[in-house]
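Here the structure comes first, spelled out in structure tokens, and everything after it is commentary.
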Amino acid sequence: MEFYHYQPLLDRPVRQKLADLQRNERLKHVIFAQQFSRQRLKHLGEIADMIRGLSRTEEGGIFLSQLLRHKRAMLYFTQASTRTFLSFQAACQILGMQCAEIRDPSLSSEFKGEQPLDSMRMFSSYFDIIFMRSKEPSFAECSAYLMNDLDRNQQRSVPIVNGGSGADEHPTQALLDIYTIQRSFSFSSPRDSKSSNRFDDLRRSYPSLTKGLDNKTYCFCGDIGRGRTVRSVAQLLSLFSNVKMIFVAPRHPKFALQRELRDVLLAAGVIVEEASSLRDVANQVDLVYMTRIQHEHNTPDDAKFFADLDDSLFTLNSGTMRALREYAAILHPFPRNTEIPFEIDSDHRATYFRQARNGMWSRAALTAYLFDIDTTIASHYREVFSTFHDYNQGVLGIT
Amino acid sequence: MEFYHYQPLLDRPVRQKLADLQRNERLKHVIFAQQFSRQRLKHLGEIADMIRGLSRTEEGGIFLSQLLRHKRAMLYFTQASTRTFLSFQAACQILGMQCAEIRDPSLSSEFKGEQPLDSMRMFSSYFDIIFMRSKEPSFAECSAYLMNDLDRNQQRSVPIVNGGSGADEHPTQALLDIYTIQRSFSFSSPRDSKSSNRFDDLRRSYPSLTKGLDNKTYCFCGDIGRGRTVRSVAQLLSLFSNVKMIFVAPRHPKFALQRELRDVLLAAGVIVEEASSLRDVANQVDLVYMTRIQHEHNTPDDAKFFADLDDSLFTLNSGTMRALREYAAILHPFPRNTEIPFEIDSDHRATYFRQARNGMWSRAALTAYLFDIDTTIASHYREVFSTFHDYNQGVLGIT
Amino acid sequence: MEFYHYQPLLDRPVRQKLADLQRNERLKHVIFAQQFSRQRLKHLGEIADMIRGLSRTEEGGIFLSQLLRHKRAMLYFTQASTRTFLSFQAACQILGMQCAEIRDPSLSSEFKGEQPLDSMRMFSSYFDIIFMRSKEPSFAECSAYLMNDLDRNQQRSVPIVNGGSGADEHPTQALLDIYTIQRSFSFSSPRDSKSSNRFDDLRRSYPSLTKGLDNKTYCFCGDIGRGRTVRSVAQLLSLFSNVKMIFVAPRHPKFALQRELRDVLLAAGVIVEEASSLRDVANQVDLVYMTRIQHEHNTPDDAKFFADLDDSLFTLNSGTMRALREYAAILHPFPRNTEIPFEIDSDHRATYFRQARNGMWSRAALTAYLFDIDTTIASHYREVFSTFHDYNQGVLGIT
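Chains as they are written, first to last, in the numbering used here: chain E, 1448 to 1846; chain H, 1448 to 1846; chain L, 1448 to 1846.
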């Protein structure tokens, strides 16, 4: 089967594709961030929290590590992304699933004579789920359609999870970002570690902030125009009510907020603002999502533009940090350049390393969900925390 | 130890080597397809079937995944073959064995200063079995002799499994091909999925076909002269009675059936025929084993020959499919070029993806056998299927 | 965080660093061979022996493989060393820990834009221990300091184990060498396999030799001046009493014993001798530690020097073997060139392959220790061997 066979399916708008990617009310494949509704985000966030909570004890860790020990995952990463790869692998390992990997481009060249979908069907013969990342934008989507064809034909079919395809889609990055934001705005939760940050003190001062993702002001800063991460997470945040977003980017048609995203957000009822200095808006926002300038994609003209630009406008310097609210979480999808200096790492608002760790928890939650063991996890969690602990008290410790 | 040390052992005919590769009546190393007798093929096919059957339930999958959890496998693939590699790895994972891998040629170059057999002995220090694939034809065989030397010296020794050596030997490919043929001719087996194909209906029409590998006509089509796969599987099929083989290949001294194989088959009592068009013979055969033309090995003269050749003679086009018997399984070792068009993938006779999956089951069976847990598996299988199910009814579902 | 941030810490003498690498009386990170005291070497050797002993039975292997099944290790090997990599991986697998790996330099280049310590902190988010090998001498040490900073800040922190950094440090190689020497001088131990060597007979003749590492004469032969391995193991051996060391090396300022090491050994009370022919001293030594000439580091002048040198002076030829005491173990860190001919592999004194296997046991012991399960192992070991077996009789078999 070749990609062009699926061209009519590919050409549809995303909203018409969603039904193809689920079975009854559950996701079957994960290809687009748009597959995550508010309700699914809430559910996956809760499962992620439970996995995290169970992992704090040896008993819980062992319980989790036995759930999928008879299953095997393929991590097919022909576009290198070690960070995302490791996060998926750790997620599988938490659930005890064995992993096979292809992440050496020179190994994948071996398949050159072969139709890519033949490879995918081969993998689906050996493994029970395929996590894939590819430069080819529609590869994951076509793989999902191939699996659907097999399914219809009563043949073996496995879930496809898009770990980043081309410049377009990276749904699990959006998922982990939302999970991190969920965690940030539930910081009064008794399940939070009281030792790892100053948020305990903050609970008293800002009680309303702990009530979820509605009614917040989000700031996105950096290379907004070229950032697929910002696009996805902003779209998911637009599912919430009374949301304001401030985009801080260079005034330049390629790097500022693009019209397409702006229109989508406005249509969803988001209040959209733009600014050209992070410091100017720092005192108005509940959360800052930093991104690096993707200089590797610069044309010579772009490079010249940035050479003349004042970097500090999009940098978390000490002045900006002072202006920033004391509870405002700082996120960053990493890697970073200089937009977040190292000194900030020890600030209690620096959430970007926890965000990376959240990637592991939320990918484990998604994997558990796809294998239909999310309810098993939830039952066990409730049992453990009602029997041995006070559920409201939770577990302490750094996770 | 260097290879030349074993030259006298290497220079023997294969039949004189077989005793060195077994202990009492059991295989100790797997180097040559000729090590598989009819009886061993039957036994390994049954174990593969049991592993497949057990894997259908979570309980069975967990049972299997605990059998070798305290063992470690080395997958030493200095000749890249991702497909074979993944199949072996999945086989190990089914049995819960942990894997280490070397499959990056640039990593193996690190060993350049070192005698290859020093590396093998090193691996045998860390791991409990070595699966290896190498360009060097005699590397696996020499490794087996080294292990035998250690054994005689009462030192640690582990099984060596040849995952493909040079252009010569690929015994586990032959094993999986035979297993697929066993499955194809046992399609009346109650253990077969009734949903995945039309074979249920066919049982009534062709009852004699379900009685094993004797009395059949096998067709091999494509690059017969250069195909190591065809050579191995044809030799194993010659162990069966009243077998006819039709070789469909270009009329060319390099690509047609080679005299050496022909003589071996005739000596074994096979009826050998040759043809130059698949369509002409399609209505006479019980099974078609397709192969691709290995253009990567062409000389300029070969390339010219193929440029002038009519490809369709060795292709499963729609006319050939109509001529082909309705129960005739189509196998292919993959990857394919154009000799099997994608349209055929959904035909109920297309067995080549199941063949790939069979590679995993038969390699798991072989590994179980080498660790002497085949009887454990058989006992558990009989217990499960006599207690909880009607053994004759089997388990449904797509595997 | 960048390396220079830790420059003041890096600039201290090693003895001032030791406190930073432990917590109370236990090691927290393993960066320097100097962290191993006599007492720790004894403890780790005993744990290694217990892990080896338990691995001999399926029950024991399964016990071990469940200890860390809920933990995950990162093997970050940006400097290729397949041998060391596999040894660490096998050690993790013995304890059931799941592994992730980075060992392709081209993958690590992906991190080029990123500060290396950002990568390490990311890994520490996903994994529970980091084994690392790097060309950058201070990378492992800085990573340990970064973890300490996180720890102080009540953030997640994991142990760092140096698997070889630059030309300087390779503490786990020293650990496995010492364990092999411990084993060599405890050959009267009832736990030794009586079948694998002639040491049983030797017990009667040399009873005093089995009483540990004190009062011995150690010989180091080969590229002494450039050998980091020799430097580390000699320093650890200097912890023992009444030790004599004979260094056999070419008479050349770069390849002979360096003044710095000589001074350290003399200060520790070691009797230091130098020789320029292995054969001349073979009959005086209790153990020979062979090394290869590292020709890959030769300047043109060095190459000329070696071209004119008589290799046999630093080679275990048959004359030397005859002169060597019948109980003197031969070690070699491998890979070898021609300094140990293959014929010697079957000599009962050849200990270098067992040394490699010891690397796995001693790394497993170190890992168990770092996860604080060494006492769990010791308890189980005593229980098993007092209940089911006669402790003094031990378990037979080749391990």
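Think of the CB as a built atom: it goes at the ideal place given N, C-alpha and C, for glycine as much as any other residue.
Item checked: Between the CA atoms of L1760 (chain E) and T1738 (chain E) - distance to the nearest angstrom -> As a working note, residue 1738 (chain E) is residue 291 in the first sequence. As a working note, residue 1760 (chain E) is residue 313 in the first sequence. Distance between the alpha carbons of T1738 (chain E) and L1760 (chain E): 13 Å.
Checklist line | With 16 other Cβ atoms within 10 Å as the buried cut-off, status of T1823 (chain E) | finding: By 1-based counting over the first sequence, the position of residue 1823 (chain E) is 376. So T1823 (chain E) counts as exposed.
Checklist line | Member of H:D1467, H:A1797, H:A1715 and H:K1489 whose CA lies at the smallest distance from the CA of R1599 (chain H) | finding: Taking the second sequence and counting its residues from 1, one reaches residue 1599 (chain H) at position 152. Looking at the Cα atoms, H:D1467 is the closest of the given residues.
Check: Quick one, which of H:V1732, H:T1767, H:N1730 and H:T1627 has its alpha-carbon nearest R1801 (chain H)'s?
Finding: Taking the first residue of the second sequence as 1, we reach residue 1801 (chain H) at position 354. Comparing Cα-Cα distances from R1801 (chain H) to each of H:V1732, H:T1767, H:N1730 and H:T1627, the minimum goes to H:T1627.
Notebook entry, point to check: In chain order, what residues of the same chain lie with their CB nearer than 7 Å to the CB of L1593 (chain H), ignoring the 5 residues before and after it?
Noted result: Indexing the second sequence from 1 puts residue 1593 (chain H) at position 146. Correct list, in chain order: M1448, L1564, M1567 and R1568.
Notebook entry, point to check: So, C1546 (chain H) versus A1527 (chain H), is the Cβ gap smaller than 7 Å?
Noted result: To locate residue 1546 (chain H), count along the second sequence from 1; it is residue 99. To locate residue 1527 (chain H), count along the second sequence from 1; it is residue 80. Against a cut-off of 7 Å, the Cβ pair of A1527 (chain H) and C1546 (chain H) comes out as no contact.
Note to self: Residues of the region 1522-1556 of chain H in Cβ contact with chain L at a cutoff of 7 Å, in chain order, please.
What the structure shows: Q1545, A1547, I1549, D1551 and L1554
Notebook entry, point to check: Is S1572 (chain E) near the ligand FAD, with its Cβ less than 6 Å from a heavy atom?
Noted result: Ligands displayed in this structure: none; no statement on the ligand FAD is therefore possible.
Note to self: According to DSSP, V1717 (chain H) sits in a beta bridge with which residue or residues?
What the structure shows: To locate residue 1717 (chain H), count along the second sequence from 1; it is residue 270. V1717 (chain H) is not bridged to any residue.
Next item on the list: For F1450 (chain E), return the contacting residues in chain L, with the cut-off set at a CB-CB distance below 8 Å.
Entry: Counting from one through the first sequence, the residue named residue 1450 (chain E) turns up at place 3. Within 8 Å Cβ-Cβ: nothing; F1450 (chain E) doesn't reach chain L, min ~27 Å.
Check: Between the beta-carbon of D1733 (chain H) and the beta-carbon of T1664 (chain H), is there less than 7 Å?
Finding: On the second sequence, position 286 is the one that residue 1733 (chain H) refers to. On the second sequence, position 217 is the one that residue 1664 (chain H) refers to. A contact, by the Cβ cut-off of 7 Å.
Notebook entry, point to check: If the cut is a Cβ gap below 7 Å, which residues of chain E does P1780 (chain H) touch?
Noted result: As a first step, residue 1780 (chain H) must be located in the second sequence, where it is residue number 333. Neighbours of P1780 (chain H) on chain E: none; closest Cβ ~12 Å, over 7 Å.
Notebook entry, point to check: Cβ atoms of L1683 (chain H) and L1625 (chain H): under 7 Å apart, would you say?
Noted result: By one-based count along the second sequence, residue 1625 (chain H) stands at place 178. By one-based count along the second sequence, residue 1683 (chain H) stands at place 236. Before going further, note that residue 1625 (chain H) is Ile rather than Leu in the sequence given. L1683 (chain H) is positioned such that its CB atom lies closer than 7 Å to that of I1625 (chain H).
Notebook entry, point to check: Leaving out the 5 sequence neighbours to the left and right, which residues in its chain are closer than 6 Å to S1809 (chain H) when beta-carbon positions are compared?
Noted result: Taking the second sequence and counting its residues from 1, one reaches residue 1809 (chain H) at position 362. A1495, L1622, L1623 and Y1626, listed in sequence order.
Margin query: Measuring only the C-alpha atoms, how far is F1586 (chain L) from Y1816 (chain H)?
Written below: Looking up residue 1586 (chain L) in the third sequence gives position 139. Looking up residue 1816 (chain H) in the second sequence gives position 369. When rounded, the distance between both Cα atoms is 46 Å.
Check: Which residues, in chain order, does the region 1799-1832 of chain H contribute to contact with chain E at a C-beta distance below 7 Å?
Finding: F1800, A1803, R1804 and M1807
Margin query: Excluding the 5 residues flanking S1631 (chain E) on each side, which residues of the same chain have their C-beta closer than 7 Å to its C-beta?
Written below: Numbered from 1 along the first sequence, position 184 holds the residue referred to as residue 1631 (chain E). Excluding residues within five positions, the ones whose Cβ falls inside 7 Å are L1734, A1776 and T1798.
Checklist line | Coil, strand or helix - G1611 (chain L) by DSSP | finding: If you number the third sequence from 1, residue 1611 (chain L) lands on position 164. Looking at G1611 (chain L) - three-state DSSP - the assignment turns out to be strand.
Note to self: Could you check whether the Cβ of G1500 (chain L) sits closer than 7 Å to any Cβ belonging to chain H?
What the structure shows: Counting from 1 along the third sequence, the entry for residue 1500 (chain L) is found at position 53. It does not: the Cβ of G1500 (chain L) has no partner Cβ on chain H nearer than 7 Å.
Note to self: Which residue marks the beginning of the alpha helix (DSSP H) containing M1807 (chain L), and which one marks its end?
What the structure shows: For this step, residue 1807 (chain L) is matched to residue 360 along the third sequence. Counting along the chain, the alpha helix (DSSP H) containing M1807 (chain L) begins and ends at Y1799 to L1817.
Next item on the list: Sort out for me which residues DSSP pairs Y1523 (chain E) with in a bridge.
Entry: Residue mapping note: residue 1523 (chain E) aligns to position 76 of the first sequence, counting from 1. Paired residues: E:I1549 and E:M1579.
Notebook entry, point to check: In chain E, which residues lie less than 7 Å from E1583 (chain H) when you measure between Cβ atoms?
Noted result: For the purposes of this step, residue 1583 (chain H) is taken as residue 136 along the second sequence, with counting starting at 1. Going along chain E, no residue has its Cβ under 7 Å from E1583 (chain H), so there is no contact; the nearest lies around 19 Å.
Margin query: Report the start-end ranges of each alpha helix (DSSP H) in the region 1453-1477 of chain E that is 4 residues or longer and not cut off at the edges.
Written below: 1454-1457 and 1461-1464
Item checked: Cβ-based burial, S1679 (chain H) [other Cβ within 10 Å; buried from 16] -> Taking the first residue of the second sequence as 1, we reach residue 1679 (chain H) at position 232. Label assigned to S1679 (chain H): buried.
Check: Helix, strand or coil: which one does DSSP assign to I1693 (chain L)?
Finding: As a first step, residue 1693 (chain L) is located in the third sequence; it is residue number 246 there, counting from the start. Here I1693 (chain L) sits in strand by DSSP.
Notebook entry, point to check: Would R1568 (chain H) count as contacting chain L if we go by Cβ distances under 7 Å?
Noted result: Here residue 1568 (chain H) corresponds to residue number 121 of the second sequence, with the count starting at 1. Yes, its Cβ sits closer than 7 Å to a Cβ of chain L.
Checklist line | Own chain residues within Cβ distance below 6 Å of M1544 (chain L), not counting five before or after | finding: Against the third sequence, residue 1544 (chain L) aligns to sequence position 97. Contacts found: L1515, K1518 and A1520.
Checklist line | CB contact below 7 Å: D1669 (chain H) versus chain E | finding: Start at 1 with the first residue of the second sequence, and residue 1669 (chain H) comes out as number 222. The question names Asp, but residue 1669 (chain H) in the sequence shown is Gly. Taking 7 Å as the threshold, the shortest C-beta distance from G1669 (chain H) to chain E does not fall below it.
Notebook entry, point to check: Is Y1573 (chain H) close to chain C, meaning its C-beta is less than 7 Å from at least one C-beta of that chain?
Noted result: Absent from the structure is chain C; the protein chains it does hold are E, H and L.
Notebook entry, point to check: If you count every other CB in all the chains shown that lies within 10 Å of the CB of Y1451 (chain L), and 16 or more means buried, which is it?
Noted result: Counted from its first residue, the third sequence places residue 1451 (chain L) at position 4. Within a 10 Å sphere around the beta-carbon of Y1451 (chain L) sit fewer than 16 other beta-carbons, which makes this residue exposed.
Notebook entry, point to check: Comparing alpha-carbon positions, which option in H:R1462, H:G1613, H:E1588 and H:R1473 lies nearest T1525 (chain H)?
Noted result: One-based indexing of the second sequence puts residue 1525 (chain H) at position 78. Per the Cα distances, H:G1613.
Notebook entry, point to check: Are the beta-carbon atoms of A1812 (chain L) and I1498 (chain L) separated by less than 7 Å?
Noted result: Along the third sequence, one-based indexing puts residue 1812 (chain L) at 365. Along the third sequence, one-based indexing puts residue 1498 (chain L) at 51. A contact, by the Cβ cut-off of 7 Å.
Note to self: To the nearest angstrom, how far is the alpha carbon of F1789 (chain H) from that of S1724 (chain H)?
What the structure shows: Taking the first residue of the second sequence as 1, we reach residue 1789 (chain H) at position 342. Taking the first residue of the second sequence as 1, we reach residue 1724 (chain H) at position 277. Going by the C-alpha atoms only, they are around 20 Å apart.
Margin query: Do F1532 (chain E) and R1550 (chain E) have their beta-carbon atoms positioned less than 7 Å apart in this structure?
Written below: On the first sequence, position 103 is the one that residue 1550 (chain E) refers to. On the first sequence, position 85 is the one that residue 1532 (chain E) refers to. Yes, Cβ-Cβ distance for R1550 (chain E) and F1532 (chain E) is below 7 Å.
Next item on the list: Would you check if the distance between the CB atom of S1604 (chain E) and the CB atom of L1597 (chain E) is smaller than 7 Å?
Entry: The residue labelled residue 1604 (chain E) in the question sits at position 157 within the first sequence. The residue labelled residue 1597 (chain E) in the question sits at position 150 within the first sequence. Their beta carbons are under 7 Å apart, which means S1604 (chain E) touches L1597 (chain E) by this criterion.
Notebook entry, point to check: Does the beta carbon of H1517 (chain L) come closer than 7 Å to any beta carbon on chain E?
Noted result: Locating residue 1517 (chain L) in the third sequence gives position 70, counting from the first residue. Cβ-Cβ to chain E under 7 Å: yes for H1517 (chain L).
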